[in-house]
Each structure stands twice: as C-alpha cells, then as structure tokens.
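Chains as they are written, first to last, in my numbering: chain P, 1 to 334; chain F, 1001 to 1355. Notes follow the structure.
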Amino acid sequence: MNPPLLEVRGVGKTFVLRHQRRRGHNIVRAVDNVSFVVRKGESVGIAGESGSGKSTLARIILRLDRPTDGEIRFAGEDIATAEGHELMAYRRQVQAVFQNSSSALSPRMRIRDIIAEPLIVQQSDTSPAEIDRRVDDLLGRVGLSPQIRLSFPHELSGGQKQRVAIARSLMVRPSMLVLDEPVSALDVSVRSQVLNLLLDLQEERGLTYLMIAHDLAILRHVTTYLVIMYLGRIVEQGPTEEILGAPQHPYTRALVAASPRLERIENRVLAALDSEVTSTTDDGCAYAPRCPWAEARCHEEVPRLMVVGEHATAAHMAACHALQAVSLSETPPA
Amino acid sequence: MSNDTLLEIKDLRTYVHMRAGTVRAVDGASFIIRRGEALGLVGESGSGKSMTCMAIMRVEPRPAAVIEGGQILLEGENLIDKSLEEMQQVRGRRIGMILQDPLNSLNPVLTIGNQLIEALRLLEPGASKADLRRKARAALERVGITNAASRLDSYPFEFSGGMCQRVTAAMAVARHPTLLIADEPTTALDVTTQARFLGLLDQLRREEGMSLLLVSHDLGIVAETCDRVAVMYAGRVVETGVTTQILSAPRHPYTRALMFAVPHLHGPRTKRLYQIRGEPPSVRAPTVGCRFAPRCDQAGDLCRVQYPPTVHYANGDTVACWLHVPDAAAPAGASHTLPLQRVDSVVTDAEGCGK
C-alpha cells in the first residue's frame, strides 16, 4: 500500500452568520469532523449533494480557506496553518481544476500567460524560452494546438478551456490535483475526452487525484476510494466499487438509487427521500429527519464511523446507529 | 397524420438573426408526440432543443428569432399561423410549460398562494377568493408539499429549489393542458430531489392523461421517464425511437456515441470511455451533408455532401443516417465493421447494465 500523501484529520469549518434572528442558530457547520487519507498515486472521490460541504472541504484542502478545527498533513507536513514559503511550497505540490473554466481563467490574459502563470508566481528561474517550450508541450499533451497560445479564453469552447485549466495545473509539475466537478459543465460528447485525458495524465505522471463530484458514475470511473458527505459530515467511506455495489448508509443507498441510469427500473426504492434536505444539526444524525430507519437514538446522538460491509475491511466505514444494531432490511420499514 | 398524434413538428426552422450572423438554431427538425405519451428530447447545448420548445409555445425570443419555415401542428392546427391573441388560448390551457430554473419562473415578490391563485383564476374567472385559496391548497398538496395551508403564504425564497419546481408544476397543470413541456426541469436540482421530481411528473402525466415533452441533455433521465426518445444534433432530429430500442440498439452513430461516452454506475467498468472526436459544431453557416459527419467514425463521402433522408420504420421510429438508407450507395470510404472495436467491448458493458 502506498504511503499517505494527504491526511485530513478531524477537519471542521464553521461559519458565523451575523444577521440571524434566532439566537443560538447563528453558526453553520459547513464541514464537521472530517477525516480521510489519500495515498500516493490513488484517486479519492468526494460525493454529496449541494450543501454537503464538499466544495468547502476542497477550498480548505487547497488552503483557499482555513479550517476552524483539525489538521491537514501533506507528505507529513502540517499545512492547515502554513504561511509564506511553506504555503508556496505546498501549492507547488497541489494544484486545482475547477468546474467553471470560464471564471477560472482570466479573460484578459492570453492562453500562453495563463498556463505559464503558476510557474511565474513560484518565482522559478526558468528562462522565457524554456517556459514557452513547456507551454507548447503541455498544450500538445492536453490535445490543443500550439496556435491557440495567443488566443484569449473567450475564443475557446468549454472543452478547450477546461483543457487549458488542466494544462495550467500541470505547469509546476504537482504531485496532486484537486478536481472540483471538472466535467459537470461540459457537454456529454466532450466530457469523455476530458475524463480520458485525466486518466491518461494520471498514469503517465503518477498523479494523485482528489475529485469532487455529484455524479456517482463519473466518480466510479475515475476513483478507487469514495467519501460520501451529507450536511458537512462523512456518512460513509470506502473502496468505490464496494460502496456503489453495496451501499450501507441509508443516505448512500438513496443517492445510488436516485442516480439516473441508462435502463428502466420499476418500483425504485425512493421511500427514503420523502422529504428535502434539512439544516445542519448538532444533535444526532444529520440524515435522521429524512431516514426511514431512524430511531430515537438517531435524533440524540451523533453516530460515529464504524466498520461495515460484508467483507468488513477496515477501509469501509459508515456512520449509522441502525446499521450497528442489525443489518438493514432491503426495504425501509413501513 | 394518424388520430393518436397530438403534436407534429414538420421541418421546423427557427433562425436567430444577430449582427454577427445568422444562427440556424433549429434547422429542419421533425418529430411527433402521441396522445398520452412521454417523449424525451435529448441533445447537447446548442442542439436547438430549447429553441424548439420556445417555438412550440410561440415564445421564441423575438425579434431576433424568426420561425423561417415548417409546421407546428397541435391537433392538426398549425400554431405558426396563429396570432399572438390566439396563442394565448393555447398557452397554459392546451400546452403547459416548466422551465429549468424554478426560482426564475416564480415572481419573488408574490406569495406562492397568490401566484397559484392567479393561475387558477384564469380557469374559473368567477370563483370567490376563498374558493380559489382552497383550490390552491389542494394544488400544492397534489404536488406533494406538506403543510400546504401555511405554505400558501410563503415567498419563493423560503422554498427549496425542489419545492419551487413543484409549485411551477402545480401551476403548469392547473388548467389541465393536453401537453406539458418540461425544459431541463431538474438540471438545477440535486440527484435525490431530481428523482422525486421526475416521479411527480410521471404521476401528474398519468393522472391528467396528458402528453409530456421532457427536454434533457442527460439520456439517463429521459431513459427512465419517457416512452420514446428524440435525439437532436445541430438543429435537426437525427433519431427517434421507442426508449428500449434506443437504449438497446441505437441506430444513429451519434446516439450510439452518446451512450458509450458516459460512464455507468453499474455493470463492468470500462477502462477508457468511448471518445467522440471534435466539438459540437457551430450552427452559423449553412452546411452541406450530415451535421455529424465531421465527428463520425463511419462517415463516407456521401455523408459529407448530402444530408441523409429520414428513414421511417413501421413502429414510427425514424433515423436520418445514410447507413440505414436501403439501397443507398454505401457511403464510400465508410468502414462497415460497425462499430469501432472500442465500442464493441463497451456493447457488452451496456448489456450488463440492462440486467
């Protein structure tokens, strides 16, 4: 097993709301006590719906935001509090590709300068000729013609812009990429080009990926380990195939059942979804208000992650009181 | 036109005239919707699916967008010939519509109740306020909103996206239309909310006995909800078919490519996805030949110079592809080993998913 590259331990992020009428309800726990490990060369996925905290977590890992609790270690170094040179060194190792490449690329910079910028920011002593050579190399590698070097982002299509964003992220030769919904803004016929490119690049360069997405099928294609989040907390984590093949937590089951697929299914079990996402809670399981298996205890005590699954490998864990008592029946109780 | 046809689109052309040139957003689209059926209209951005919907409702963005030709036959009446006043009798009453962004479809400064009552009053101009309010409450309950009585006095911002979309659905069916057009109704919603909303659409369609035109870029969404599917590419409908046919044996190379280009949640995992080369075309210039030919692995010389005629099958399926034209000179240069090797390996994958 490869050594851990990124270790996230007990990370939390709370936001304080100023203008909330009711006292005592002015804190939002966007991310709450999240821990997982990304090993070198591995692809880890984070899945969840809007409000699950997955993008806040990505921003924290990229250190665009600071965590309010917990620690983040990258190659053994604590980066949660890193500053100055340490932070700079971290950003040489970890780069990001965001969902909306139109807003991720400066509209007033030419493609050549956009791709070269990370290296220039890092104040390397690379000569301009060498930078040009590397820009051309990367453009070719992501499947773009070197002729677009002098274009502006608005002259490119969505797929081309996302390729530019990928090229830029590789300019400083990072060891890890954080991919936040990298293909969800792309058309289906362009999506597979970008997914194949990401997988090829990973194989060639031994890259480690942390991929955030709401589409489970895409996560299944790219990742080997999956973290499922609900309202800021991890509800289940484990090997991707195991989680999607035999989801344990009631929320994961609902998510898998609700994902569109190219087949017709009669009588899908959507009973667990008879209500909408509620707000975060300090007491009990965040999913309890929607969960058909919920008991009194679920509303009072936050469940901890415990080993689950048929194979009971230490890697597959879910946070559910009901799961610990008995294995859930296939259909929810009436 | 047979009796069970509710809406027939014939060779519809809607062009958008701009300073930079003319965009042929819909360029010869044809399909039919039968009574009571759900038809899924699938295509990528720019394929013309939304412009088609707007043309059916006659709300194409005038003056830039102009319906240049074709027919939109609703129960035999051509909607293109109707005046705007006559169209008001069609909108809402005979055709209802749900748009992508529920928050933009609702008036932010009116309560949910008042907006529902506005829709209901059109149906019963003489009804009393209390009566309308009772009906509005029933309409909310029907689309699965709990505490409907107190929710009537809420504003749209107090509702989640899924609940707002339920309200727009309640309004769209308030006047019992025979056709409901839903243009990407779940794109702004989360997966679990999406599944429930699609369930609601299906329930409403069955209760009302209406037809549904569900527009989506996601073949998966359409696969689960619709009886038949129409696939659009660059302003034209390239294939229509019964959903099971489209899923098990798509005829058009574009449909096939779309299916194999997406990863699946179940079944064997493919290492690499099938890749469609190039990008969707710009629809500015008038083009000759099949619009998909530059990206098609099976395109031959004929495909590049002449648009294929539409082939009709006995069950009503259609496909516009030279590969399916009987007795046509085989597209010179086309490889007849269909499809590519890579797709071959994925075919078994898709079959695995279907079980």
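Glycine residues also receive a C-beta, built at the ideal position from the N, C-alpha and C atoms.
If you scan the region 214 to 262 of chain P from start to end, which runs of the alpha helix (DSSP H) of 4 or more residues do you find wholly inside it? 216 to 222, 240 to 245, 250 to 258
Residue(s) in a DSSP beta bridge with F15/P: V28/P
At a CB-CB cut-off below 7 Å, which residues of chain P make contact with V1191/F? E49, H214, L255, A258, S259
At the 8 Å Cβ level, is G159/P part of the contact set with chain F, yes or no? yes
Which residues in chain P have a C-beta closer than 8 Å to the C-beta of M1259/F? List them in chain order. L262
Does V1167/F come out as helix, strand or coil in the three-state DSSP assignment? helix
May I ask you to report which of helix, strand or coil DSSP gives F152/P? coil
Using a Cβ-Cβ cut-off of less than 9 Å, list which residues of the region 64 to 87 of chain P approach chain F; keep chain order. The region 64 to 87 of chain P vs chain F, Cβ under 9 Å: nothing.
I need the straight-line Cα distance from L982/F to G1162/F, nearest angstrom please. The requested residue 982/F is not part of the displayed model; chain F covers only 1001 to 1355.
Which whole-angstrom value is the C-beta distance of Q202/P and S43/P, which I expect to be below 8 Å? 7 Å
Whose C-beta lies closer than 7 Å to the C-beta of L138/P among residues of the same chain, with five residues either side of it excluded? I115, A167, L170, M171
Using 10 angstroms around the beta-carbon of D1131/F, count the other beta-carbons present and answer buried if the total reaches 16, otherwise exposed. exposed
Report back the beta-carbon spacing between E1037/F and D1227/F to the nearest angstrom; my notes put them in contact at under 8 Å. 5 Å
Out of A89/P, I27/P, L197/P, state which residue places its alpha-carbon closest to the alpha-carbon of V121/P. A89/P
Would you check if the distance between the CB atom of E1068/F and the CB atom of I1032/F is smaller than 8 Å? Here E1068/F is not near I1032/F, since their CB atoms are 8 Å or more apart.
Reduced DSSP secondary structure (H/G/I, E/B, other) of G143/P: coil
Anything in chain P within Cβ reach of I1276/F, meaning under 9 Å, just list it in chain order. V188, S189, V190, S192, Q193
I'd like to know whether the C-beta of N196/P is nearer than 8 Å to at least one C-beta of chain F. yes
Starting from the beta carbon of H249/P, find every residue of chain F whose beta carbon is closer than 8 Å, and list them in chain order. Neighbours of H249/P across chain F, judged by C-beta separation under 8 Å, do not exist; the nearest C-beta is about 13 Å away.
Check whether the Cβ atoms of V94/P and P174/P sit closer than 8 Å, and answer yes or no. Yes, they are a contact pair.
How about Q248/P and A296/P: are their beta carbons less than 8 Å apart? no
How far does the alpha helix (DSSP H) with V1237/F in it extend, from its first residue to its last? First-last for V1237/F: 1236 to 1242, but that is the beta strand (DSSP E), not the alpha helix (DSSP H).
Contact under 8 Å by Cβ, A58/P with I234/P: no
Closest by CA to D1202/F, which one among R1256/F, A1249/F, T1255/F, I1221/F? I1221/F
Alpha-carbon spacing of L199/P relative to V222/P, whole angstroms: 7 Å
Per-residue burial, M1018/F [other beta carbons within 10 Å of its own, 16 or more giving buried]: exposed
Close Cβ partners of D1344/F (< 7 Å) along its chain, the five nearest in sequence each way excluded: Caution applies to D1344/F, whose pLDDT of 29 falls short of 50 and renders its modelled position unreliable; the value that the coordinates give is listed next. Nothing meets the Cβ criterion.
Using a C-beta to C-beta distance shorter than 8 Å, which residues of chain P count as neighbours of Q1194/F? A258, P260
Which value, in whole angstroms, describes the spacing of the CA atoms of L972/F and T1310/F? For chain F, the structure presents residues 1001 to 1355; residue 972/F sits outside this window and is missing.
Could you name the residues of the region 1221 to 1251 of chain F whose beta carbon sits closer than 8 Å to any beta carbon of chain P, in the order they occur along the chain? I1221, A1223, E1224, T1243, T1244, L1247
Please return the same chain residues whose Cβ sits closer than 6 Å to the Cβ of T1244/F, not counting the five positions on each side in sequence. Once the five neighbours on either side are set aside, T1244/F has no close Cβ partner at all.
I want to know whether the region 1058 to 1066 of chain F touches the region 1105 to 1113 of chain F - three or more CB-CB distances under 8 Å. no
Inter-residue Cα distance where the pair is E86/P and A294/P: So the two alpha carbons sit approximately 46 Å from each other.
Just the chain P side, please: which residues come within less than 7 Å of P1280/F by C-beta, in chain order? D187, S189
Taking L1213/F as the query, report the chain P residues whose CB atoms sit under 9 Å from its CB, ordered along the chain. Think of a sphere of 9 Å around the beta carbon of L1213/F: no beta carbon from chain P falls inside it, the nearest being about 18 Å out.
Chain-ordered chain P contacts of D1262/F [CB-CB under 8 Å]: In the sequence as presented, Asp is not what sits at residue 1262/F; that position holds Val. In chain order, V188, R191, S192, A217, L262 make up the part of chain P whose C-beta sits under 8 Å from the C-beta of V1262/F.
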